[in-house]
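Going by our numbering, the first residue of the sequence shown is number 132, and it counts up by one from there. Glycine included, C-beta positions come from ideal geometry on N, C-alpha and C.
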Amino acid sequence: MLIVLVVLFSFALSACASAQGAATASPTFASPTETAPPPSETPVPLAAIVNGEPITLQEFNAELARYQTAQTALGNAVNADEARQNVLNDLISQVLLAQGAAEAGFTFDDSALQARIESLAAQVGGADSLRAWQQINGFSDDEFRATLRRAIAAAWMRDKIISSVPHTAQHVHVRQILLYNEDVAQNYYQQLQAGADFEQLAIQVDPIARGDIGWFPRNYLASREVEEAAFSLDVGAVSEIVKSEAGYHILKVLEAQADRPLSPDALLALQNRALNDWLNQRRQQSTITINVK
């Protein structure tokens with residue numbers, strides 16, 4: 132989620148007492164050596180525990196309220212169950228990233244945190260404006276400092292992960308004949324087998340783009356089937372029929388390059404994949420207890 136904190140610093144994301152007694156005609160008193168047991172503390176309700184680190188129910192509910200308010204302000208319909216899941220997943224991801232940052236040696240002491248808060252205050256018009264923003268968004272001073280500290284650590288780890296993605300990669304340039312009926316696809320494939328020109332058939336199916344997918348690296352296309360088939364072909368080779376959710380593809384590799392610069396879209400896609408892969412692996416290695424549905 133990180134919606135609120137991204138606005139501030141560019142980064143995707145609380146006693147029960149019992150009384151008893153009755154008046155009696157002959158009150159009794161404890162002897163001086165007897166002491167009443169101390170009252171037990173009521174456990175703080177938790178939304179989740181991530182590797183022993185708690186996410187309080189109060190924090191979860193406050194973050195959920197902020198998320199719903201932000202989505203409503205953007206004009207987005209908010210499904211309650213999806214909103215709860217999105218917020219919980221984001222909070223867990225923040226904790227995992229912050230824990231990873233600590234393991235990687237990241238530190239952020241109190242003086243640095245105070246300097247960041249003062250910088251944020253200056254950006255929003257002063258300490259009073261920041262305090263008003265905290266109140267509107269349901270943050271106490273302690274909660275704001277804790278959330279900010281964790282978000283800074285999470286953002287540092289996120290940047291470390293995405294910066295590991297190289298800016299160049301192996302690419303292929305592919306043209307395709309995309310059909311939506313298997314029998315029709317078989318007919319086109321048989322024509323190719325009989326010597327028909329691939330480009331002319333591609334133009335018949337797609338007169339505008341001529342079936343040109345363009346250059347792309349591994350782990351970029353939504354269809355893994357198409358991507359795997361394309362990277363298995365030599366330049367000039369034509370694939371068999373490849374079935375995907377989009378339809379039936381016949382592919383031809385026009386060019387290949389071992390170390391081509393990534394386009395901005397491709398770089399962003401690979402960075403997002405690297406971040407998601409890190410989080411998925413981290414979740415599998417972690418002990419996570421969820422107490423909310």
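With 16 or more other Cβ atoms from the protein chains shown falling within 10 Å of its own Cβ, histidine 380 counts as buried. In this structure leucine 406 is in contact with arginine 289, their Cβ atoms being roughly 6 angstroms apart against a cut-off of 8 angstroms.
Taking each of Asn207, Asp272, Ile293 in turn and checking the Cα distance to alanine 397, the smallest one comes out for Ile293. For alanine 300, no alpha helix (DSSP H) encloses it; the enclosing beta strand (DSSP E) starts and ends at 299-310. Runs of alpha helix (DSSP H) with 4 or more residues, each lying fully within the segment 183-213, are found at 188-204, listed in chain order.
Cβ-Cβ distances below 7 angstroms link glycine 378 to Leu309, Leu310, Tyr311 in the same chain, with the five nearest sequence neighbours on each side left out; the list follows chain order. CA-CA distance, glutamine 266 to threonine 278, rounds to 14 angstroms. The beta carbon of aspartate 390 lies closer than 8 angstroms to those of Thr299, Ala300, Gln301 in the same chain, with the five residues before and after it left out. By a beta-carbon distance limit of 8 angstroms, alanine 178 contacts phenylalanine 191. Their separation comes to about 4 angstroms. Around the beta-carbon of glutamate 386, fewer than 16 other beta-carbon atoms lie within 10 Å, marking it exposed. Only exposed fits serine 295, as fewer than 16 other CB atoms lie within 10 angstroms of its CB. In this structure, Gln307 is the residue among Pro395, Gln307, Gly183, Asp212 with its C-alpha nearest to the C-alpha of alanine 360.
The Cβ-Cβ distance between leucine 244 and asparagine 182 does not fall below 9 angstroms. Between alanine 193 and asparagine 268, the gap from beta carbon to beta carbon is short of 9 angstroms. Per the DSSP secondary-structure output, proline 392 pairs in a beta bridge with Thr299. Residue environment for lysine 374: exposed (fewer than 16 other C-beta atoms within 10 angstroms of its C-beta). In this model, glutamate 358 and aspartate 240 are separated by some 46 angstroms (Cα to Cα).
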